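Below is one structure; the comments refer to it alone.
Protein chains in written order, with the working numbering: chain A, 26 to 586; chain B, 44 to 183.
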């Protein structure tokens, strides 16, 4: 057992030794392994260190890349921001540019419209009358021309009416231009109100209107239209607190009978209108061929009158005024004559009415006044006995704005004392607008100028005004003197007029004494003065000087001595 | 055949006709989006010029529109117009606003063409505001 145990122990020992050897071997191996492992571990650690370095480097690389990316992004953001700001600026600029373009375009359009409106207005002004806004003569000519063309093609008639307000000048002169203008506007409205839409009412100027009726079947249609116009104008026009009555005279011409062109038709209507005036006004007349000759005559006189002043074709004759009691020449009446180059010496009746109608009476009247004053002064300067010189004064002159001013200037220029000047005015001149007349008459009287009522008895006089006005002399119209021998009534009227003058403390002068009988009658009635062919025709200045020197021939005066 | 501008006028009339009451409110409801669109293109100054011109044209028929101007404040731009429209009877207010809008869009169309105007109106007033401008397209 022991052996066995020893053996087993030996064996065990051997085994243990073997084991220990193995163990030693193992240990050595392990040591080797351990060394290897240590070496490996060192290698690994080195590797690891390398790796770590690599990782660090990689991280550094990533960081760098990220930094680059961030920088890039930031750059991009900055670029985007810059770009957006630029875009916004651009948008604002575009809006501003658009705004300017819109504004400029609209302003240009507005300006163009204003220019067009101004052109339209100018065109309107060129074709319309400023006061009444009616078509003017330019537009009328155009429409009349068109109407004639149409009527000619269709073989129809048309009518032209030339209309002139009656005595419009008197309203203008007495109430002023403002009232006159308002009256013209009122008349224009009424005219427009009584014609058809297709008709043309135009204002030619002044108080003249022309109506074109482009479509008429018969001349009677125009007559009906004229009657309607006359009726429409009849009611008073309420102008600035005045109820003004105005009538109209109408001349009518018909195409093609009275003219085939605009000018002839207008002239024909104008001529017919004058005949309507001469026939008492406030009516109408159709043109007739015979009227032309009279119109031509009138035109001849009018155009001659316009040249007469410049050519010094006017002259004055003087008719003495005699003191019936003493037979002495106490004054003369200056009477205009026209030495016509073709027709010889013309009397006032042949041209004064025309001069009044066309307004030439104003310069002619001034010439007469100046010439008369110069002559009166010349007689005085020649040592002849001082006498008064009478000048006829028309309504137009008397109402003229500068009448008094001109009067003073002429008296001053000619050095004639005002007391030697007599203005002869008719009753109609004196009594129209008596208030303003009174003021002018008193101004004249204050100046020292004498006043006489011419053609007394033929017009209308208010005895109240007659006594109130500063009148020196009543001149009994020659028609009464002419008839008093044959008509007891006229003789009675003459007596009454002389008596009236005496009672009003006015001198009385009888006009148109032609016979000894008339002279005797007037002397018996204690008429102060006389004038007429019985004593002397109107004569030239030199003859007056002779009469003033020698006196009226014996037998004509009542007291030659 | 109706022209494009007639169609546009009809569109404005149709849009305004929807409102028998509160016309002023409806009018401003059309003006504000239109102003936004137009201002984005031509600025405040440009829109004011357009409006002022339209008011000038419309005043011949509706004198009470004459003195109106746009407020410099965007949110109060049409305050005066609204007040004056409210001062009128509905029919008058609608007619006046129709004329104003019609004139503004007429001018716009004259300036930039019918096609662009149609686009602006569609943007302002929605698809309801579509109208044909094909004829003009061919001509442009």
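Ideal Cβ placement from N, Cα and C applies to all residues, glycine included. From a predicted model like this one, the values you see are computed outputs, not experimental measurements.
Spatial distance of residue 198 of chain A from residue 190 of chain A (CA atoms): Locating residue 198 of chain A in the first chain gives position 173, where the first residue counts as 1. Locating residue 190 of chain A in the first chain gives position 165, where the first residue counts as 1. In this structure, the alpha-carbon of residue 198 of chain A lies about 14 Å from that of residue 190 of chain A.
At least one CB of chain A closer than 9 Å to the CB of residue 179 of chain B: is that the case? Position 136 of the second chain, counted from the first residue, corresponds to residue 179 of chain B. At residue 179 of chain B, the pLDDT of 43 sits below 50, so the modelled position is not reliable and the matter cannot be decided from this model.
Per-residue DSSP class, three states only, for residue 475 of chain A: Counting from 1 along the first chain, the entry for residue 475 of chain A is found at position 450. Residue 475 of chain A: strand per DSSP, three-state reduction.
Can you give me the start and stop residues for the alpha helix (DSSP H) that residue 202 of chain A sits inside? Residue 202 of chain A sits at position 177 when you count from the first residue of the first chain. Its alpha helix (DSSP H) spans residues 202 to 218.
Of the residues A:233, A:270, A:269, A:277, the one placed nearest residue 251 of chain A, counting alpha carbons only: As a working note, residue 251 of chain A is residue 226 in the first chain. Restricting attention to A:233, A:270, A:269, A:277, the CA atom closest to the CA of residue 251 of chain A is found in A:277.
Element boundaries [alpha helix (DSSP H), containing residue 284 of chain A]: One-based indexing of the first chain puts residue 284 of chain A at position 259. Annotation: residue 284 of chain A is outside any alpha helix (DSSP H) and is labelled neither H nor E by DSSP.
Got a sec? Which residues, its chain only, sit under 6 Å from residue 509 of chain A by beta carbon, not counting five neighbours each side? Position 484 of the first chain, counting from 1, holds the residue named residue 509 of chain A. Only 515, 516, 519 meet the Cβ criterion.
Which whole-angstrom value is the C-beta distance of residue 573 of chain A and residue 412 of chain A, which I expect to be below 8 Å? Numbered from 1 along the first chain, position 548 holds the residue referred to as residue 573 of chain A. Numbered from 1 along the first chain, position 387 holds the residue referred to as residue 412 of chain A. With a Cβ gap of about 7 Å, residue 573 of chain A and residue 412 of chain A count as contacting.
Residues that residue 108 of chain B contacts on chain A, provided the C-beta gap is smaller than 8 Å: Numbered from 1 along the second chain, position 65 holds the residue referred to as residue 108 of chain B. Taking a Cβ-Cβ cut-off of 8 Å, residue 108 of chain B has no neighbours in chain A, whose nearest Cβ is about 17 Å from it.
Would residue 217 of chain A pass as an interface residue toward chain B - the criterion being a Cβ-Cβ separation below 9 Å? Here residue 217 of chain A refers to the residue found at position 192 of the first chain. No, because no Cβ of chain B sits closer than 9 Å to the Cβ of residue 217 of chain A.
Contacts that residue 124 of chain A makes with chain B (C-beta to C-beta distance below 7 Å): Taking the first residue of the first chain as position 1, residue 124 of chain A is located at position 99. Within chain B, the residues near residue 124 of chain A are 85, 86, 88, 89.
Could you work out which residues of chain D lie near residue 120 of chain A, taking near to mean beta carbons separated by less than 9 Å? In summary, chain D is missing from the structure at hand, where the protein chains are A and B.
Strictly by DSSP, which residues pair up with residue 278 of chain A? Translated into the one-based positions of the first chain, residue 278 of chain A becomes position 253. Within the DSSP bridge table, the entry for residue 278 of chain A names A:185 as partners.
Let me see if you follow: with CB-CB separation under 9 Å, is residue 182 of chain B close to chain A or not? Counting from 1 along the second chain, the entry for residue 182 of chain B is found at position 139. In this prediction, residue 182 of chain B scores a pLDDT of 40, lower than 50, which makes its location untrustworthy; the coordinate-derived value is nonetheless stated afterwards. Closer than 9 Å: no.
What are the residues of the region 135 to 148 of chain A that lie near chain B, defined by any Cβ-Cβ distance shorter than 9 Å? Here the close residues are 135.
Just the C-alpha distance for residue 433 of chain A and residue 504 of chain A, rounded to the nearest angstrom, thanks. The residue given as residue 433 of chain A occupies position 408 in the first chain. The residue given as residue 504 of chain A occupies position 479 in the first chain. If I take the Cα positions, the gap works out to 34 Å.
For a cutoff of 9 Å on Cβ pairs, would you count residue 77 of chain B as touching chain A? If you number the second chain from 1, residue 77 of chain B lands on position 34. Interface with chain A (9 Å Cβ-Cβ cutoff): residue 77 of chain B is excluded.
Counting beta carbon pairs with one atom in the region 137 to 144 of chain B and one in the region 95 to 109 of chain B, are three or more of them shorter than 8 Å? These segments touch.
Minimum Cβ-Cβ distance from residue 166 of chain B to chain A less than 9 Å: One-based indexing of the second chain puts residue 166 of chain B at position 123. Not one chain A Cβ lies under 9 Å of residue 166 of chain B.
Give me whichever residues DSSP pairs with residue 226 of chain A in a beta bridge. As a working note, residue 226 of chain A is residue 201 in the first chain. The partner list for residue 226 of chain A (beta bridge, DSSP) reads A:236.
What residue ranges within the region 489 to 568 of chain A form continuous alpha helix (DSSP H) runs of no fewer than 4 residues, ordered along the chain? The qualifying runs are 503 to 508, 513 to 528, 541 to 549.
Contacts around residue 555 of chain A, its chain only, beta-carbon distance under 7 Å, and the 5 residues preceding and following it disregarded: Locating residue 555 of chain A in the first chain gives position 530, counting from the first residue. Cβ-Cβ distances below 7 Å link residue 555 of chain A to 347, 349, 534, 535, 538, 544, 547 in the same chain, with the five nearest sequence neighbours on each side left out; the list follows chain order.
Check the Cβ-Cβ distances between residue 92 of chain B and every residue of chain A, and say whether any is below 9 Å. The residue labelled residue 92 of chain B in the question sits at position 49 within the second chain. At a cut-off of 9 Å, the C-beta of residue 92 of chain B has a neighbouring C-beta in chain A.
So, is residue 377 of chain A buried or exposed, given that buried needs 16 or more other C-beta atoms within 10 angstroms? As a working mapping, residue 377 of chain A is identified with position 352 in the first chain. That one is buried.
Is the separation between the beta-carbon of residue 279 of chain A and that of residue 234 of chain A shorter than 9 Å? Residue numbering aside, residue 279 of chain A sits at position 254 when the first chain is read from its first letter. Residue numbering aside, residue 234 of chain A sits at position 209 when the first chain is read from its first letter. Inclusion of residue 279 of chain A and residue 234 of chain A in the CB contact set at 9 Å is not warranted, their separation being larger than that value.
Below 9 Å between beta carbons: does that hold for residue 589 of chain A and residue 478 of chain A? Residue numbering for chain A in the displayed model covers 26 to 586; residue 589 of chain A lies beyond these limits and cannot be assessed.
Buried or exposed (CB count within 10 angstroms, at least 16 for buried), residue 122 of chain A: Walking along the first chain from the start, residue 122 of chain A turns up at place 97. It is exposed - the Cβ of residue 122 of chain A has fewer than 16 other Cβ atoms within 10 Å.
Please classify residue 164 of chain B: is it buried, with 16 or more other beta-carbons within 10 angstroms of its beta-carbon, or exposed? Here the question's residue 164 of chain B lines up with position 121 in the second chain. When all chains shown are included, residue 164 of chain B counts as buried.
Answer with yes or no whether the minimum CB distance from residue 99 of chain B to chain A is below 9 Å. Taking the first residue of the second chain as position 1, residue 99 of chain B is located at position 56. By the rule that beta-carbons nearer than 9 Å mark a contact, residue 99 of chain B touches chain A.
For the region 286 to 322 of chain A, which segments carrying the beta strand (DSSP E) assignment without a break, of at least 3 residues, lie completely within its bounds, in sequence order? If we require 3 residues or more, the beta strand (DSSP E) runs fully inside the region 286 to 322 of chain A come out as 309 to 311.
With DSSP as the reference, label residue 348 of chain A as helix, strand or coil. For the purposes of this step, residue 348 of chain A is identified with residue 323 of the first chain, where counting begins at 1. Strand at residue 348 of chain A.
Using a Cβ-Cβ distance under 9 Å, would residue 154 of chain B count as near chain A? For this step, residue 154 of chain B is matched to residue 111 along the second chain. Among the residues facing chain A, residue 154 of chain B is included, as its CB has a counterpart in that chain under 9 Å away.
Residue span of the alpha helix (DSSP H) that contains residue 139 of chain B, given as start and end: Here residue 139 of chain B is taken as the residue at index 96 of the second chain, counted from 1. Taken as a continuous stretch (DSSP letters only), the alpha helix (DSSP H) holding residue 139 of chain B covers 133 to 155.
For residue 150 of chain B, return the contacting residues in chain A, with the cut-off set at a CB-CB distance below 9 Å. Walking along the second chain from the start, residue 150 of chain B turns up at place 107. In chain order: 127, 130, 131, 134.
Candidates A:469, A:500, A:47, of which the one nearest residue 427 of chain A by Cα: As a position in the first chain, residue 427 of chain A is number 402, starting the count at 1. With distances taken between Cα atoms, residue 427 of chain A lies closest to A:469.
Where the alpha helix (DSSP H) containing residue 577 of chain A begins and where it ends: The residue given as residue 577 of chain A occupies position 552 in the first chain. Per DSSP, residue 577 of chain A belongs to no alpha helix (DSSP H) and is neither H nor E.
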